[in-house]
Every structure is written in C-alpha cells, then in structure tokens.
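Chemist: Be aware that the sequence shown starts at 1358, since it is given in my numbering, and climbs by one per residue.
So that we are looking at the same thing, I have put the structure below in structure tokens.
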Amino acid sequence: MIEVSQPANMGLRKTSTVSKVLAPRPSPLTPTPYPMPTPRVHIPVLSAEVLAGLRLSPGDRVADGTLGAGGHTRSMAEVVGKEGLVVSVDRDPEAVAAAEVNLKGLPVMVAVANYTELPEILAEVKQPKVKGILLDLGLSSDQLDARERGFSFQQDGPLDMRFNPEEGGSAAEWIAQSEEKELADLIYQYGEERFSRRIARAIVQRRQEQPIRTTGELAQIVRRAIPGNPRAAKIDPATRTFQALRIAVNDELGSLKKALRVLPDCLERGGRLAIISFHSLEDRPVKEAFRSDERLQVITKKPMTASEEEIARNPRSRSAKLRIAERIA
Ligand SMILES: C[S@@+](CC[C@H](N)C(=O)[O-])C[C@H]1O[C@@H](n2cnc3c(N)ncnc32)[C@H](O)[C@@H]1O
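Put into structure tokens, the structure is as follows:
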C-alpha cells in the first residue's frame, strides 16, 4: 500500500483504515443514515475481459469510476498488488461504505463522487495520470434489489431512484413537477417507449387525484396505460419507463458525455479506458467518442460481449458491451 495523504475535501478514504468508523453498532436512539452494509449479490460482468483489456501489471495505478459492490475494483487491486493503487468512486454512499468494509486490506482508496470528478480526485492523491480507467455503467443488482432505494418495479418501495439519495430530486419529485410533455419526451427518449404519451397522460391524471409516491403505484399506472395484455409481454411493460426515469433522475447520459471529454486526459500514454454499457443510449456515445477523439485509438473494433457460459451464470451480462480505447496523444 503506498502512502497517500488523506485529502479532507474529496472525502477519499483508505479501505484498510476506516472500517471501524463505518461499521457502528446500530442503536435505536441514533439511527444511521444508511442501512448497514448487507451481503453483496452483484456479480461483476466481463471481469476477465476488463483485466486483459486494461493490460494491468503489479505496481500500476488505476481508477474505477463505478465501484458498486467492488467486484471489478477487487480484481484490479489483486493484479496491481500492494505496490499499486486502485482509486475507486461511486455516487452511492451506501456502496462506498460497504466497499470500505469488504475491500479492507487491499490497495484501494474510495470516495463518494461522480466519475466525472475523477480528474480532481486523482490529482488530490498525486496520481493525475493512471494506467487504466473502468466505467461499468448503470446500476448494481444490490441497488435494484434494495426495495427502499426505489429502483425496482417488482417490489413496492418509495419512488426514489437516486444513486445518491442526498443529491437532487427523487423520481417522485420528477413525476410530481414535470409537465406532461416533458414526461412524455423523457419516457420516449430515455426509455425508447412508443406509448410514452399515453403513459405521461395517465401519470398526470393520477397525480391530479393523489401524489404518486411508490414504485408499485407507478408500475400499475404504466401497465394499465399500455394497450394489450401486460402478462403476454416479454418484459414487464414498466421496464422502459423505470429505465427512463432513472436515467433522467441521475442525469446518467450527461455524466457519461462529460466523462468521455475529461477522462482521456487522466490516462498516461498507452493507458486505456474501458467502458461497459447495457443499452444503446449508453453504447452509442461511447462508440462515437472513441472513434472521433484524437487522443484515443479504438482497441475494440466491435464491442466485447459475454460468453454463453457467463450469461448462464449471470443473466445480467447478456446485454453488456465492453469497449476499450487507448490514449495515444
Ligand atoms: C453496474 S454497477 C458497478 C458494479 C461494479 N463494477 C462491481 O463490480 O460491483 C454501477 C455503479 O455505478 C454507480 N454510478 C452510476 N453512475 C455513476 C456516476 N456518474 N459516478 C459514479 N458512480 C456512478 C452506481 O451507483 C452503481 O453502484
């Protein structure tokens, strides 16, 4: 583990030193702002491909912009070893708190931050140029499965959907405050939902009667607004509207576009940027930026995808696409 000073303003923390602070005994008098770390279920996708694609060696410095449950960070930390360093961030304070416990003892520093802030964070730890950066976009299975985070239409919970529950407005606030046309446009653009207008109208009608506060209520409204038998559909009809709201609430595409501009400057020459996306709204800007950016050379002419064996083990990997580019200038 290299010695890195602990900058106050970035909130960077060594995973090896802070676990005690982050695992307080629950007390009925002083509830913690986030649930205690729970056993992780998220399985990292395309892990071997990421490691091979980033060509890491012992002693390397790397960054993981989407720490999540820490699977990719862990495997990168094991390769770079104690002479190296993985600087990992996530917008989700709960994910970062759990990683501090789960990755204890590995050469990892973590912080609650947007991956667009990696240039400042890497500068703070005196590693302005790294050998590799990974972004594994979207949300983790842990977030999806946590009813109280409000990402899932399969379980009833508060309609929240924020990666960081302390940042910006919740999905319920978006639903309450947006004009019908705004709602229709975002469901169409970010959900690629052809019944977006009907859904927006149904939302507005319902909210005139009572506020829409839970994931269950919203899922019901969407299912009823879409023509046809919802049970006959291949996927739950609420899927696309929930995806759209999550993307909007977290400004996911805005972050991605900014990252594509700023992250190449954090790579040393020959360093690589690896991005895993899960739908075309994410993959398209990555593909275009990698092709047109003069600082980068595309390594993956076609995106890498999961093997049959990985898909059988982890169905979530089915839609994953990994693109890699190398800094050349
Ligand atoms: C698919 S999960 C990552 C899983 C992780 N690679 C692992 O192995 O466990 C995506 C994570 O990215 C985080 N995230 C999404 N957008 C982000 C952003 N702009 N900045 C930082 N973290 C972000 C989410 O909170 C979530 O924890």
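Each residue gets a CB set at the ideal place from its N, CA and C atoms; glycine is no exception.
Indicate whether Thr1572 and Phe1635 have their beta-carbon atoms separated by less than 8 Å.
Modeler: Within the sequence shown, residue 1572 is the residue found at index 215, counting from 1. Within the sequence shown, residue 1635 is the residue found at index 278, counting from 1. No, Cβ-Cβ distance for Thr1572 and Phe1635 is not below 8 Å.
Chemist: Check for me: the alpha helix (DSSP H) holding Ile1544 runs from which residue to which?
Modeler: Locating residue 1544 in the sequence shown gives position 187, where the first residue counts as 1. Here the alpha helix (DSSP H) through Ile1544 covers Glu1537 to Gly1548.
Chemist: Can Gly1422 be considered in contact with ligand 1, in the sense that its beta carbon sits closer than 7 Å to one or more heavy atoms?
Modeler: On the sequence shown, position 65 is the one that residue 1422 refers to. At least one heavy atom of ligand 1 is nearer than 7 Å to the Cβ of Gly1422, so yes.
Chemist: State the DSSP-derived secondary structure class of Asp1499, mapped to helix, strand or coil.
Modeler: Position 142 of the sequence shown, counting from 1, holds the residue named residue 1499. Residue state, collapsed to three classes: helix.
Chemist: What residue range does the beta strand (DSSP E) around Ala1454 cover?
Modeler: The residue you call residue 1454 lines up with position 97 of the sequence shown. No beta strand (DSSP E) holds Ala1454; the alpha helix (DSSP H) holding it covers Pro1450 to Asn1459.
Chemist: Going by beta carbon distance, what residues of the same chain come within less than 6 Å of Lys1486, once the five residues before and after it are set aside?
Modeler: Against the sequence shown, residue 1486 aligns to sequence position 129. Answer for Lys1486: Glu1625, listed in chain order.
Chemist: Fully enclosed by the segment 1607-1681, which alpha helix (DSSP H) runs are 4 residues long or longer?
Modeler: For the segment 1607-1681, whole alpha helix (DSSP H) runs of length 4 or above, ordered along the chain, are 1609-1619, 1637-1649 and 1665-1670.
Chemist: Considering just the uninterrupted stretch of the beta strand (DSSP E) at Leu1442, what are its terminal residues?
Modeler: What you label residue 1442 is simply residue 85 of the sequence shown in a count that begins at 1. Leu1442 to Asp1447 is the extent of the beta strand (DSSP E) around Leu1442.
Chemist: Out of curiosity, what's the CA-to-CA distance linking Glu1651 and Ala1616?
Modeler: As a position in the sequence shown, residue 1651 is number 294, starting the count at 1. As a position in the sequence shown, residue 1616 is number 259, starting the count at 1. Straight-line Cα distance between these residues: approximately 15 Å.
Chemist: Measuring CA to CA, which of Arg1418, Ala1454 and Val1436 is closest to Val1443?
Modeler: Residue mapping note: residue 1443 aligns to position 86 of the sequence shown, counting from 1. When each option's Cα is compared against that of Val1443, the closest is Arg1418.
Chemist: By alpha-carbon positions, which one of Met1661, Arg1648, Ala1455 and Glu1539 ends up nearest to Glu1406?
Modeler: Taking the sequence shown and counting its residues from 1, one reaches residue 1406 at position 49. Among Met1661, Arg1648, Ala1455 and Glu1539, the Cα nearest to that of Glu1406 is on Met1661.
Chemist: For Met1466, which of helix, strand or coil comes out of DSSP?
Modeler: Sequence index remark: in the sequence shown, residue 1466 carries index 109 (1-based). Met1466 falls in the strand class under three-state DSSP.
Chemist: Using a threshold of 8 Å, state whether the C-beta atoms of Ile1556 and Glu1550 are closer than that.
Modeler: Taking the sequence shown and counting its residues from 1, one reaches residue 1556 at position 199. Taking the sequence shown and counting its residues from 1, one reaches residue 1550 at position 193. Yes, they are a contact pair.
Chemist: Just curious, the alpha helix (DSSP H) that Ala1557 is in, first and last residue?
Modeler: Position 200 of the sequence shown, counting from 1, holds the residue named residue 1557. Run containing Ala1557: Ser1553 to Glu1566, per the alpha helix (DSSP H) assignment.
Chemist: The alpha helix (DSSP H) spanning Ala1420 covers which residue range?
Modeler: Start at 1 with the first residue of the sequence shown, and residue 1420 comes out as number 63. Counting along the chain, Ala1420 falls outside any alpha helix (DSSP H), though it belongs to the beta strand (DSSP E) covering Arg1418 to Asp1421.
Chemist: Shortest alpha-carbon distance to Ser1553 belongs to which of Leu1491, Leu1496 and Thr1598?
Modeler: In the sequence shown, residue 1553 corresponds to position 196, counting from 1. When only C-alpha atoms are compared, the closest one is Thr1598.
Chemist: Check the C-beta distance from Leu1475 over to Val1446 and give it rounded, since I have them as a contact under 8 Å.
Modeler: Within the sequence shown, residue 1475 is the residue found at index 118, counting from 1. Within the sequence shown, residue 1446 is the residue found at index 89, counting from 1. About 7 Å; that satisfies the 8 Å criterion.
Chemist: Would you check whether ligand 1 has a heavy atom nearer than 7 Å to the C-beta of Gly1628?
Modeler: Here residue 1628 is taken as the residue at index 271 of the sequence shown, counted from 1. No, the Cβ of Gly1628 stays beyond 7 Å of every heavy atom of ligand 1.
Chemist: Can you tell me whether Leu1496 sits near ligand 1, meaning its C-beta is under 7 Å from at least one heavy atom of the ligand?
Modeler: Here residue 1496 refers to the residue found at position 139 when the sequence shown is read from its first residue. Correct: Leu1496 has its Cβ closer than 7 Å to ligand 1.
Chemist: For Leu1479, which residues of its own chain have a beta-carbon under 7 Å away from its beta-carbon, when the five flanking residues on both sides are left out?
Modeler: Stepping through the sequence shown from its first residue, residue 1479 is reached at position 122. Excluding residues within five positions, the ones whose Cβ falls inside 7 Å are Ala1420, Val1444, Pro1485, Val1487 and Cys1623.
Chemist: Sorted by chain position, which residues of the same chain lie with C-beta nearer than 6 Å to Val1453's C-beta, five sequence neighbours on each side aside?
Modeler: Indexing the sequence shown from 1 puts residue 1453 at position 96. Once the five neighbours on either side are set aside, the close Cβ partners of Val1453 are Asp1447, Val1467 and Val1469.
Chemist: Return yes when at least one heavy atom of ligand 1 lies under 7 Å from the C-beta of Glu1523, else no.
Modeler: Along the sequence shown, read from residue 1 onward, the residue named residue 1523 stands at position 166. Answer for Glu1523: no, Cβ out of range of ligand 1.
Chemist: I'd like to know if the segment 1457-1466 and the segment 1603-1619 are in contact, where contact means that at least 3 CB-CB pairs between them fall below 8 Å.
Modeler: Touching, no, given that fewer than three Cβ pairs across the two stretches are closer than 8 Å.
Chemist: Which residue marks the beginning of the beta strand (DSSP E) containing Ile1490, and which one marks its end?
Modeler: Here residue 1490 refers to the residue found at position 133 of the sequence shown. Ile1490 -> beta strand (DSSP E) spans Val1487 to Asp1493.
Chemist: Closest to Arg1564 by CA distance: which of Ser1674, Ile1532, Val1579 and Leu1540 is it?
Modeler: Here the question's residue 1564 lines up with position 207 in the sequence shown. Minimum Cα distance to Arg1564 is reached at Ile1532.
Chemist: Less than 8 Å between the C-beta atoms of Leu1630 and Leu1620, yes or no?
Modeler: As a first step, residue 1630 must be located in the sequence shown, where it is residue number 273. As a first step, residue 1620 must be located in the sequence shown, where it is residue number 263. Taking 8 Å as the Cβ cut-off, Leu1630 and Leu1620 qualify as a contacting pair.
Chemist: Between which two residues does the alpha helix (DSSP H) harbouring Gln1484 extend?
Modeler: Translated into the one-based positions of the sequence shown, residue 1484 becomes position 127. No alpha helix (DSSP H) holds Gln1484; DSSP gives it neither H nor E.
Chemist: Rounded to whole angstroms, how far is the Cβ of Gly1410 from the Cβ of Leu1492, which I believe are closer than 8 Å?
Modeler: Taking the first residue of the sequence shown as 1, we reach residue 1410 at position 53. Taking the first residue of the sequence shown as 1, we reach residue 1492 at position 135. That belief does not hold up - the Cβ atoms of Gly1410 and Leu1492 are roughly 13 Å apart, past 8 Å.
Chemist: Looking at the secondary structure, which residues open and close the alpha helix (DSSP H) in which Arg1580 lies?
Modeler: As a first step, residue 1580 must be located in the sequence shown, where it is residue number 223. Taken as a continuous stretch (DSSP letters only), the alpha helix (DSSP H) holding Arg1580 covers Thr1572 to Ala1582.
Chemist: Taking the alpha-carbon positions, what's the Ala1434 to Pro1415 distance?
Modeler: Here residue 1434 corresponds to residue number 77 of the sequence shown, with the count starting at 1. Here residue 1415 corresponds to residue number 58 of the sequence shown, with the count starting at 1. Approximately 9 Å between the Cα atoms of the pair.
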